[in-house]
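Asks:
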Amino acid sequence: MKRKPLKIVVSLILVMVASCGEPETVVTDIVHPDGSVTRKLEMKNGENNFKISNVQVPYDSTWIIRDSLEISEKGDTTYVKRAEKLFASIDEINKDYQTDSSSNKDVSRKAEFRKKFKWFNTEYRFAETIDKTMSYGYPVTDFLNKEDLSWFYSPDYVTEEKINGPDSLKYKTFSDSVDIKIEKWTVRSLISEWIGEFSMLAKGKAEGDMTYEALKAREDEFVEIIKQGGDRFDSLWTNGIILKKFIGEENALKYQTEADSSLNIVSEHLWVDFVRYTQRIVMPGEIIGTNGFIDSTKTLLWPVHSDFFMAEPYVMYAESKIPNKWAWVVSGIFLLFVLAGIIFRITKK
Numbered sequence: 001m002k003r004k005p006l007k008i009v010v011s012l013i014l015v016m017v018a019s020c021g022e023p024e025t026v027v028t029d030i031v032h033p034d035g036s037v038t039r040k041l042e043m044k045n046g047e048n049n050f051k052i053s054n055v056q057v058p059y060d061s062t063w064i065i066r067d068s069l070e071i072s073e074k075g076d077t078t079y080v081k082r083a084e085k086l087f088a089s090i091d092e093i094n095k096d097y098q099t100d101s102s103s104n105k106d107v108s109r110k111a112e113f114r115k116k117f118k119w120f121n122t123e124y125r126f127a128e129t130i131d132k133t134m135s136y137g138y139p140v141t142d143f144l145n146k147e148d149l150s151w152f153y154s155p156d157y158v159t160e161e162k163i164n165g166p167d168s169l170k171y172k173t174f175s176d177s178v179d180i181k182i183e184k185w186t187v188r189s190l191i192s193e194w195i196g197e198f199s200m201l202a203k204g205k206a207e208g209d210m211t212y213e214a215l216k217a218r219e220d221e222f223v224e225i226i227k228q229g230g231d232r233f234d235s236l237w238t239n240g241i242i243l244k245k246f247i248g249e250e251n252a253l254k255y256q257t258e259a260d261s262s263l264n265i266v267s268e269h270l271w272v273d274f275v276r277y278t279q280r281i282v283m284p285g286e287i288i289g290t291n292g293f294i295d296s297t298k299t300l301l302w303p304v305h306s307d308f309f310m311a312e313p314y315v316m317y318a319e320s321k322i323p324n325k326w327a328w329v330v331s332g333i334f335l336l337f338v339l340a341g342i343i344f345r346i347t348k349k
């Protein structure tokens with residue numbers, strides 16, 4: 001499934017879109033009280049193409065794999081591959097991520113498990129974290145309010161249902177408003193990233209009004225220069241016009257190599273190879289905290305898109321608890337002894 005394109009500006013008309021041909025994948029982590037995790041993959045594709053380099057998460061021949069074929073009423077064929085493996089610990093999952101050869105190998109991912117004993121309950125925390133791809137970008141919370149963020153992080157089916165529902169005009173207007181804010185966030189993050197990377201490449205020879213602090217202080221000015229260029233960004237940058245306006249003709253000539261190299265680095269950070277998927281987590285016991293959504297099967301889920309971890313790590317976590325029945329029994333017996341002692345002392349008097 002494609003997510004609604006996120007309009008961003010380098011040339012003010014770049015568009016972020018999903019890759020084509022990748023399987024639609026759901027990753028389900030079933031967390032056990034001892035810290036082991038049963039990981040299940042369900043991958044669907046119009047073609048029988050499930051090479052490791054084509055799927056979203058690492059798996060291999062050590063998994064239990066089942067293949068099937070689904071044919072719709074219209075006669076459309078869907079190839080389905082299901083894979084399952086029990087990981088004895090989080091370390092084993094992270095080892096797979098460290099040697100990842102899947103389509104998302106270029107992003108850094110890790111899993112985390114914590115178990116805490118609290119007498120009456122034992123609490124558990126499981127999280128999947130994807131590291132940010134930018135070093136100098138702004139947190140999206142600087143641009144979106146609580147309601148905007150809820151929409152931004154919502155699964156596609158949630159926003160699509162609202163946009164196509166009874167209040168479609170209301171949600172379409174709201175969606176457009178969020179898109180505008182996201183565009184501003186993306187532009188500012190790109191420019192901040194360029195300033196940061198350029199300053200690192202020019203470090204040692206840049207001084208005065210060319211230092212990181214000096215350029216950062218003029219970030220708003222750079223934004224306006226980019227906006228004025230409009231969809232002519234590529235030609236204006238190639239001809240050195242944008243750079244000359246920002247840092248002056250002499251500096252533009254002196255630092256042309258660093259400027260171009262830093263722009264290439266920023267492009268790599270933005271256009272990181274990543275194929276989206278859905279993450280689900282099943283926790284032991286009762287859920288007491290999470291930043292995920294609840295699907296129709298009462299399972300926690302998170303959409304995983306590259307814009308979610310562009311400027312800050314994307315953390316998908318769930319917390320739960322299991323009552324320690326023996327602790328309740330021991331505490332009850334202890335209270336009975338205390339109560340019996342009090343009664344004995346009273347009657348003795």
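Numbering (our numbering), first residue to last: 1 to 349.
Heads up, the beta-carbon is just placed ideally off N, CA and C, and yes, glycines get one too.
Just so you know, these numbers come straight off a predicted model, no measurement behind them.
1) Would you decide whether Gly248 is buried or exposed? Buried here means 16 or more other CB atoms lie within 10 Å of its CB.
2) For Lys116, list the residues DSSP reports as bridge partners.
3) Are at least three pairs of beta-carbons, each pair with one atom in the region 167–175 and one in the region 108–124, less than 8 Å apart?
4) By the three-class DSSP mapping on this structure, what secondary structure does Tyr136 have?
5) What does DSSP give as the partner residue(s) for Trp302 in the beta ladder?
6) Is it buried or exposed, Pro303, if we count other Cβ atoms within 10 angstroms and call 16 or more buried?
7) Three or more C-beta pairs under 8 Å: does that hold for the region 26–38 against the region 74–91?
8) Would the beta-carbon of Lys44 fall within 9 Å of that of Asp67?
9) Is Ala352 buried or exposed, if buried means 16 or more other CB atoms sit within 10 Å of its CB?
10) Helix, strand or coil: which one does DSSP assign to Thr297?
11) Classify Ser102 as buried or exposed, calling it buried when 16 or more other Cβ atoms lie within 10 Å of its own Cβ.
12) What are the start and end residues of the beta strand (DSSP E) that includes Lys203?
13) Can you check which of these residues, Pro139, Asn264, Gly208, Glu207, is closest to Glu197 by C-alpha distance?
14) Can we say the region 273–286 touches the region 236–254, given the rule of at least three CB pairs closer than 8 Å?
15) For Ala350 and Ile195, I'd like the C-alpha separation in whole angstroms.
16) Give the C-beta separation of Tyr124 and Val31 to the nearest angstrom, bearing in mind that I take them to be a contact with Cβ-Cβ under 8 Å.
17) Assuming Asn311 and Gly137 make a contact with CB atoms under 8 Å, what is their CB distance in whole Å?
18) Here's the rule I'm using: 16 or more other beta-carbon atoms within 10 Å means buried, otherwise exposed. How should Ser53 be labelled?
19) Suppose contacts are defined by Cβ-Cβ distances below 9 Å. Is Thr129 in contact with Tyr314 by that definition?
20) Using a Cβ-Cβ cut-off of 7 Å (strictly less than) and excluding sequence neighbours within five positions of Ser11, which residues of its own chain qualify?
21) Whose CA, out of Arg280, Ala127, Phe309, Leu69, lies closest to the CA of Thr297?
22) Whole angstroms is fine: what's the gap from Arg3's alpha carbon to Pro284's?
23) Alpha carbons only, please: which of Asp307, Asp131, Lys162 is nearest the one belonging to Ser189?
24) Could you give the distance in angstroms between the alpha-carbon of Glu112 and the alpha-carbon of Phe126?
25) Run the CB neighbour count on Asn48, radius 10 Å, all protein chains shown included, and call it buried at 16 or more, exposed below.
26) Using three-state DSSP, classify Glu286 as helix, strand or coil.
27) If you run the structure through DSSP and keep just helix, strand and coil, what is Glu221?
28) Secondary structure at Ala186, three-state DSSP: helix, strand or coil?
29) Helix, strand or coil for Thr347 per DSSP?
Replies: A quick look at the data gives this:
1) Walking along the sequence shown from the start, residue 248 turns up at place 248. Exposed.
2) Taking the sequence shown and counting its residues from 1, one reaches residue 116 at position 116. Paired residue(s): Glu123.
3) no
4) Taking the first residue of the sequence shown as 1, we reach residue 136 at position 136. DSSP places Tyr136 in coil when its eight states are reduced to three.
5) Position 302 of the sequence shown holds residue 302. In the DSSP assignment, Trp302 is bridged to Gln279.
6) Translated into positions along the sequence shown, residue 303 becomes position 303. Buried.
7) yes
8) The sequence position of residue 44 within the sequence shown is 44, counting from 1. The sequence position of residue 67 within the sequence shown is 67, counting from 1. Not in contact: Lys44 and Asp67 (Cβ atoms no closer than 9 Å).
9) The displayed coordinates of the chain run from 1 to 349. Any statement about residue 352 would go beyond what the structure contains.
10) Locating residue 297 in the sequence shown gives position 297, counting from the first residue. Of the three classes helix, strand and coil, the one that applies to Thr297 here is coil, per DSSP.
11) For the purposes of this step, residue 102 is taken as residue 102 along the sequence shown, with counting starting at 1. Buried is the call here.
12) As a working note, residue 203 is residue 203 in the sequence shown. Annotation: Lys203 is outside any beta strand (DSSP E) and is labelled neither H nor E by DSSP.
13) Walking along the sequence shown from the start, residue 197 turns up at place 197. Comparing Cα-Cα distances from Glu197 to each of Pro139, Asn264, Gly208, Glu207, the minimum goes to Asn264.
14) no
15) With the chain covering only 1 through 349, there is no way to say anything about residue 350.
16) Here residue 124 corresponds to residue number 124 of the sequence shown, with the count starting at 1. Here residue 31 corresponds to residue number 31 of the sequence shown, with the count starting at 1. In this structure, Tyr124 and Val31 form a Cβ contact; the two beta carbons are roughly 7 Å apart against a cut-off of 8 Å.
17) Along the sequence shown, read from residue 1 onward, the residue named residue 311 stands at position 311. Along the sequence shown, read from residue 1 onward, the residue named residue 137 stands at position 137. Position check: residue 311 holds Ala in this sequence, whereas Asn was assumed. Contact holds; Cβ gap of about 3 Å.
18) Counting from one through the sequence shown, the residue named residue 53 turns up at place 53. Classification for Ser53: exposed.
19) Reading the sequence shown from its first residue, position 129 is the one you call residue 129. Reading the sequence shown from its first residue, position 314 is the one you call residue 314. Yes, they are a contact pair.
20) Here residue 11 corresponds to residue number 11 of the sequence shown, with the count starting at 1. Confidence in Ser11 is poor, its pLDDT being 38 and thus under 50, which makes the residue's placement unreliable; the coordinate value appears in the next sentence. So the qualifying residues of the chain are Asp231, Phe233, Asp234.
21) On the sequence shown, position 297 is the one that residue 297 refers to. Nearest of Arg280, Ala127, Phe309, Leu69 to Thr297, Cα basis: Arg280.
22) Counted from its first residue, the sequence shown places residue 3 at position 3. Counted from its first residue, the sequence shown places residue 284 at position 284. Confidence at Arg3 is low in this model, with a pLDDT of 36, below 50, so its placement is unreliable and no value can be given for it.
23) Within the sequence shown, residue 189 is the residue found at index 189, counting from 1. Comparing Cα positions, the closest option is Asp307.
24) If you number the sequence shown from 1, residue 112 lands on position 112. If you number the sequence shown from 1, residue 126 lands on position 126. So the alpha carbons of these two residues sit roughly 6 Å apart.
25) Taking the first residue of the sequence shown as position 1, residue 48 is located at position 48. Exposed, by the Cβ-count rule.
26) Taking the sequence shown and counting its residues from 1, the one referred to as residue 286 is at position 286. If DSSP states are grouped into helix, strand and coil, Glu286 belongs with the strands.
27) Here residue 221 refers to the residue found at position 221 of the sequence shown. Glu221 falls in the helix class under three-state DSSP.
28) If you number the sequence shown from 1, residue 186 lands on position 186. Before going on, a small fix: residue 186 reads as Thr here, not Ala. Three-state DSSP puts Thr186 in a helix.
29) In the sequence shown, the residue the question calls residue 347 occupies position 347. Here Thr347 sits in helix by DSSP.
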